[in-house]
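Following the UniProt record's numbering, the numbering of the sequence shown begins with 1 at its first residue and continues without gaps.
C-beta atoms are modelled at their ideal positions from N, C-alpha and C, and glycine is treated no differently.
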Amino acid sequence: MIFYFSGTGNSQWAAKTLALQTQDELYSIAKIIKTDCTFQLKKGEQVGFVFPVHGWRVPRIVRVFLQKLKLTDEEDQPLKHHCFCLMTAGDTIAKAMERFQQHLHEVPIGRMLDLDLVGSVIMPESYVGLPGMDVDTKEKELEKKQAAEIYLRDFGKKIIQKQKEDDYKPYGWKELMVGPLPWFFSVPVGGFFERFLITDKPFHVDHQRCVKCGICANVCPVADIKGGLGYEPEWLHNKKCLTCFACYHHCPHHAIEYGKRTVKRGQYFYNRNRLH
């Protein structure tokens, strides 16, 4: 089974692509986190996690999900199961994978899972919350998507190969796109992101552009927007916002802004039809 979280669709596409190759069941973390998060593993079944890097760290919703997740073995045996993690990013992941492994070891399900296959794939940029940061050009977007398709085919083959192995030799750590100064970006810079930049407070709507379509409220993965068809969006400030910018990117009239930082910035969400 594969658990995934996605804001603008990059990780959802990656997870679906892998699931088609491996014939794994696919679960959206944003949807199942509202349940008791209990799942039964078949004998030898592998568990996968796919999600984007947020501020060179693991998104808060994924960390909360790990704490809630309960896995049982159909034979009620204390067996170890293969586990893989794939992260999507617009550039680098720094030490986000090490932090995920740490989070995994800190929760009860960590005793059932061996993180023995890891990967990171570069996808089109969607973070627009800081000066100088914008979406990729159409040419760069296409280039990243084409490279990602090749990478995912290879990663899917490795998942299948791992399922057939009896030993648990870690694979993929040296190939991760950590970038320069990984500790600096994941620890002090990532801490700054979580404390000051992951917030819904700067979001606001341009009343002249908004057509009250309700798309923004529907795509918010943490239900932080009050609205719907016929209503302008209102952010609830429920401390669940991930600044994934799904609301901003999906707005068909660019009526949502993040302070003044997104004025004249581009929009992006994964669309299969824009791949070629």
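Burial state of A147, where buried means 16 or more other Cβ atoms lie within 10 Å:
exposed
Checking 7 Å against the spacing of the C-beta atoms, do V219 and A255 come in under that value?
no
Selection from S126, D134, H103, L130 that minimises the alpha carbon distance to C244
S126
What are the partner residues of T72, as DSSP defines its beta bridges?
Paired residue(s): Q40.
Enclosing beta strand (DSSP E) for D116 [first to last residue]:
113-122
Report yes or no: do the segment 148-157 and the segment 38-50 share at least 3 C-beta pairs separated by less than 8 Å?
no
DSSP beta-bridge partners for W235?
Per DSSP, I225.
For L275, is the classification buried or exposed, using 16 other Cβ atoms within 10 angstroms of its Cβ as the cut-off for buried?
Per-residue confidence for L275 stands at a pLDDT of 46, beneath the threshold of 50, marking its modelled position as unreliable; no derived number is given.
Which of the three DSSP states is assigned to L26 in this structure?
strand
State whether the segment 24-42 contacts the segment 183-194, with contact taken as three or more CB pairs (one from each stretch) at a distance under 8 Å.
no
I need the DSSP call for H105, collapsed to helix, strand or coil.
Looking at H105 - three-state DSSP - the assignment turns out to be helix.
Reduced DSSP secondary structure (H/G/I, E/B, other) of G48
Reduced to three states, the DSSP call for G48 is strand.
Is the segment 81-93 touching the segment 113-124, taking contact as three or more C-beta pairs under 8 Å?
Contact between the segment 81-93 and the segment 113-124 is present, because at least three Cβ pairs lie under 8 Å.
Helix or strand or just coil, what does DSSP make of residue 288?
Residue 288 cannot be examined here, being either before or after the span of the chain that is shown, 1 to 276.
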